[in-house]
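The block underneath contains the structure these notes are about, expressed in structure tokens.
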Amino acid sequence: MAGLFSKGDAAAMFNHLKNKWVSFHNDPTEEGLIDTLFPMYHLREWIYQGRKSVYKSKSDDELTLEEGTDKKLWALPEYEIVKSLCNHSKHYKCDPGKNTVHSTVEVKGARAGLMRCGDSLGASYFLVDGRDIREIFAAIYSIYYGYFEAKTICSKK
Numbered sequence: 046m047a048g049l050f051s052k053g054d055a056a057a058m059f060n061h062l063k064n065k066w067v068s069f070h071n072d073p074t075e076e077g078l079i080d081t082l083f084p085m086y087h088l089r090e091w092i093y094q095g096r097k098s099v100y101k102s103k104s105d106d107e108l109t110l111e112e113g114t115d116k117k118l119w120a121l122p123e124y125e126i127v128k129s130l131c132n133h134s135k136h137y138k139c140d141p142g143k144n145t146v147h148s149t150v151e152v153k154g155a156r157a158g159l160m161r162c163g164d165s166l167g168a169s170y171f172l173v174d175g176r177d178i179r180e181i182f183a184a185i186y187s188i189y190y191g192y193f194e195a196k197t198i199c200s201k202k
């Protein structure tokens, strides 16, 4: 059986990510960060199991929905950041030749410029190269969301 226990397809993994992402977005914690980071990076592999070389010579009009999603993610600078963070979190030492080392810092407590509507005064902010990681995750999540919206529309036809 493909998948992991009850997470047997990309839609199930997306629902898992959605729950983790909403929870982390509303209340950022270190545990929530790690729980969101892994599916944020690896869901792409559940959506498209092929290689870039399969679609590299195709025009955008010729791409399948899965190939187009893969291509969009790889073109997104935020996805490269999440890839680097995910790989660094899996290995004690990061290989600088293979992964960019990003400046990461946790800031505790509301700060002007960081605080968003709904954040508590005691919120934690996880910054990557000075950016709130929620912004980075949001860029990636919107591509996944678009993919599953398109899949839903296609399945209703």
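Numbering of the sequence shown is given in my numbering, commencing with residue 46 and proceeding in unit increments.
A virtual CB, placed ideally from N, CA and C, is assigned to each residue, including glycine.
Under the DSSP assignment, E151 falls in the beta strand (DSSP E) whose first and last residues are 149-153. In the DSSP assignment, Y170 falls within the beta strand (DSSP E) that extends over 169-173. Under the Cβ criterion (8 Å, minimum of three pairs), the stretch 80-94 counts as touching the stretch 180-192. The secondary-structure analysis by DSSP pairs R176 across a beta bridge with V173. Here the alpha carbon of E194 sits roughly 35 Å from the alpha carbon of G167.
Under a 10 Å Cβ-count criterion, V152 is classified as exposed, with fewer than 16 other Cβ atoms of the shown protein chains found around its own Cβ.
A Cβ-Cβ separation of about 16 Å leaves L82 out of contact with V150 under the 8 Å criterion. If the five residues before and after K116 are omitted, its C-beta is found closer than 7 Å to the C-beta atoms of Y100, L108, all from its own chain and listed in chain order. When secondary structure is reduced to three states using DSSP, S165 falls in the coil class, being assigned neither helix nor strand.
Just so you know, the alpha carbons of I178 and Y93 end up roughly 25 Å apart.
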